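Below is one structure, written out as structure tokens; the observations come after it.
Numbering (our numbering), first residue to last: 3 to 693.
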């Protein structure tokens, strides 16, 4: 809360009745710092639990739940308050000013018009209602809203000591509840009211919550996509960025397993209950919350729920200036870590307490860059690079912007740029990021990617990967990339657990899922690999690398015609990653020379528009049986640092393994000892320096 120029964290509390002791106890949901207003909440204390029914719906005032045919429907706190006020005054016009007073008190900064419109829109979505043909909520232009659906008078559950469940063991279906002992609750409320009168209520409340809530040890957690309360879809990138940042901050805690943001995005508009989500992700706790940004200020409201029981463990709201947004993210992460009772190492605590600042415009540009980077594709990469460069211009000391730029350059070699054009820039940006902040895990991972893909500095790459994972042990992408590195240097047994851990952290990533299958294939565990590919297909039915990996398995087993059938189906679907070079090789290897030459011509045409690695041409020539031409092209690819090493060492190049020229190429890349163990004593993992 921002008041008189002072930033004050605010805890959320709702009064409710412990019927066994007839004393008020608290749960997150409203602000005790403002006092308990008269009206419905006090009535519910006196009268018991009110349930308001209309149509197929019922609104449980005590639990804060909207149910349809007995099943809970997800509803934001603001939408719940709008519905409650409309039901209490059903048939009457509830003015926008009355709603403002109910939802956003005078000391709250928010774009009220957008916030109210968003709350009403989400309420209508939950009710299956529409503004054009309303069944429940009618818009009164320039005045407010009116509830027009028939509603039964509120029913009240009278206090009944025999029929009330034990509040110390909340029902699993009850959302956002804390269980408190009556004496402790009475002491809290009594002391809290005294503290409020003395002007010390908020500070006292924070201390009380820290010491009174029942401790639950949490070892795994997921951050649901934070909700954009601004009502402006153009701010979605900012809210997604805040979700990503909070996830990243928590991921630095080694004792806590944190699900990746990419896997959580599928729950953005879900109606699933928290226990359902927790079961799917195999986590014990879930963080959910909201973000609203108005001008130079931002507010985050976050709440922590023990997912298996829906027990509410912690909730807080923070207002900050945009310059302090990094410190805000750290503060929220520290509070959650304390609430879950997880051990935080001293170095992790230091990183969560850096209190860095960033120029607001630079941070906004950085978030836009990450937004476009995550969408992939050549044009999106260009946009991402422009935003990262703008962030650097606006705040030259902001290290993540350099790391983002490095990642963008590294991706560009897969989008039609020669490695020599983009990889040196990627390396320079990563090193600059580390010069500014050597505790930035993503920058170590960025540098590792350059070192092994372009410099062939295998030892240096491993150091950077390990350091990155020390700083961010919950990075699914970091573990996936490290697993690919391990597969490249033929440490297949070590690679599998790394990529399996990545899948635990990002269970809905088709990229990681197919990497698990690839690692299983490398170990000769074909049945398991096929099962894994089927799981990947269920995640994303048209994911191209499923076909590629399946075709590789058929090649390994000598069934080239089955591999062709798989890849031809892939080609028929079209889209990015068309399998031209692969099919060219397979056609040539099965005697379909005309089709192989057609694939070669298609590559030549493509090379007139963008950079194409000579390795692809070599693959088709190898299928045609032209080994000398293939080696000449591979030499050229080696000179250009354009060899995709994992593919070069795969089954498509098996025909070359006994050729001394193949060993020579691997030696120049520093991999002869890894691929030919009998030479391990002669050579370390060193490679030629790029010219």
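Don't be surprised by glycine CBs; every beta carbon is placed ideally from N, CA and C.
As the structure is a prediction and not an experimental result, all values here were calculated from the model.
{"query": "How big is the Cα-Cα spacing for residue 641 and residue 434?", "result": "27 Å"}
{"query": "What residues in its chain sit with their C-beta under 7 Å from that of residue 362, if we drop five residues either side in the sequence?", "result": "298, 324, 325"}
{"query": "Which residue spans inside the region 119-145 form an unbroken beta strand (DSSP E) run of at least 3?", "result": "139-142"}
{"query": "Please state the DSSP three-state secondary structure of residue 225.", "result": "strand"}
{"query": "Look up residue 641 in the DSSP assignment and say whether it is helix, strand or coil.", "result": "helix"}
{"query": "Check the DSSP bridge columns for residue 259 and list the partner residues they point to.", "result": "222"}
{"query": "What does the Cβ neighbour count give for residue 377, buried or exposed, with the cut at 16 atoms within 10 Å?", "result": "exposed"}
{"query": "Would you identify the three-state DSSP class for residue 442, choosing helix, strand or coil?", "result": "coil"}
{"query": "By the three-class DSSP mapping on this structure, what secondary structure does residue 342 have?", "result": "coil"}
{"query": "If you reduce the DSSP assignment to three classes, tell me which class residue 319 lands in.", "result": "strand"}
{"query": "Look at the Cβ atom of residue 68, then the Cβ atom of residue 128, and state whether they are nearer than 8 Å.", "result": "yes"}
{"query": "Which class does residue 571 belong to by DSSP, given the choice of helix, strand or coil?", "result": "helix"}
{"query": "Would you check if there are 3 or more beta carbon pairs closer than 8 Å linking the region 93-105 to the region 143-153?", "result": "yes"}
{"query": "For residue 518, does the three-state DSSP call read helix, strand or coil?", "result": "helix"}
{"query": "What's the gap between the Cα of residue 544 and the Cα of residue 558?", "result": "23 Å"}
{"query": "Using DSSP with H/G/I as helix, E/B as strand and the rest coil, what is residue 312?", "result": "coil"}
{"query": "Need the endpoints of the beta strand (DSSP E) that residue 97 sits in, please.", "result": "95-97"}
{"query": "Can you give the beta carbon distance from residue 98 to residue 118, rounded, assuming they're within the 8 Å contact cut?", "result": "6 Å"}
{"query": "Does DSSP classify residue 306 as helix, strand or coil?", "result": "strand"}
{"query": "Is residue 318 near residue 304, with beta carbons less than 8 Å apart?", "result": "yes"}
{"query": "Going by CA-CA distance only, name the one from 555, 322, 547 that's closest to residue 1.", "result": "Any property of residue 1 remains undetermined from this structure, which presents the chain solely from 3 to 693."}
{"query": "Which whole-angstrom value is the C-beta distance of residue 614 and residue 602, which I expect to be below 8 Å?", "result": "That belief does not hold up - the Cβ atoms of residue 614 and residue 602 are roughly 11 Å apart, past 8 Å."}
{"query": "Nearest to residue 238 by alpha carbon, out of 502, 57, 267?", "result": "267"}
{"query": "Got a sec, what are the start and stop residues for the beta strand (DSSP E) residue 290 sits in?", "result": "287-296"}
{"query": "Just to check my reading of the structure: residue 587 and residue 625 have Cβ atoms closer than 8 Å, yes? What is that Cβ distance to the nearest angstrom?", "result": "4 Å"}
{"query": "Determine the DSSP secondary structure at residue 400, reduced to helix, strand or coil.", "result": "coil"}
{"query": "Check this for me: beta carbons of residue 444 and residue 332, under 8 Å apart or not?", "result": "no"}
{"query": "When the Cα atoms are used, what is the spatial distance from residue 120 to residue 347?", "result": "41 Å"}
{"query": "To test your reading of the DSSP string, which unbroken alpha helix (DSSP H) runs of 4 or more residues are found completely within the region 265-289?", "result": "276-283"}
{"query": "Starting from residue 472, trace the beta strand (DSSP E) in both directions and tell me its first and last residue.", "result": "Premise fails: residue 472 lies in the alpha helix (DSSP H), 460-473, not in any beta strand (DSSP E)."}
{"query": "Indicate the three-state DSSP secondary structure (helix, strand or coil) for residue 52 in the structure shown.", "result": "strand"}
{"query": "In whole angstroms, what separates the C-alpha of residue 309 from that of residue 224?", "result": "10 Å"}
{"query": "So residue 617 and residue 596 are supposed to be a Cβ contact under 8 Å. How far apart are they, rounded?", "result": "Their Cβ separation, rounded to whole angstroms, is 23 Å, which puts residue 617 and residue 596 out of contact at 8 Å."}
{"query": "Taking the Cβ atom as the reference point for each residue, do residue 531 and residue 501 lie within a distance shorter than 8 Å?", "result": "no"}
{"query": "I'd like the list of long-range same chain contacts for residue 483, defined as Cβ closer than 8 Å, with 5 residues on each side in sequence excluded.", "result": "447, 450, 451, 467"}
{"query": "Can you check which of these residues, 481, 104, 549, 406, is closest to residue 370 by C-alpha distance?", "result": "406"}
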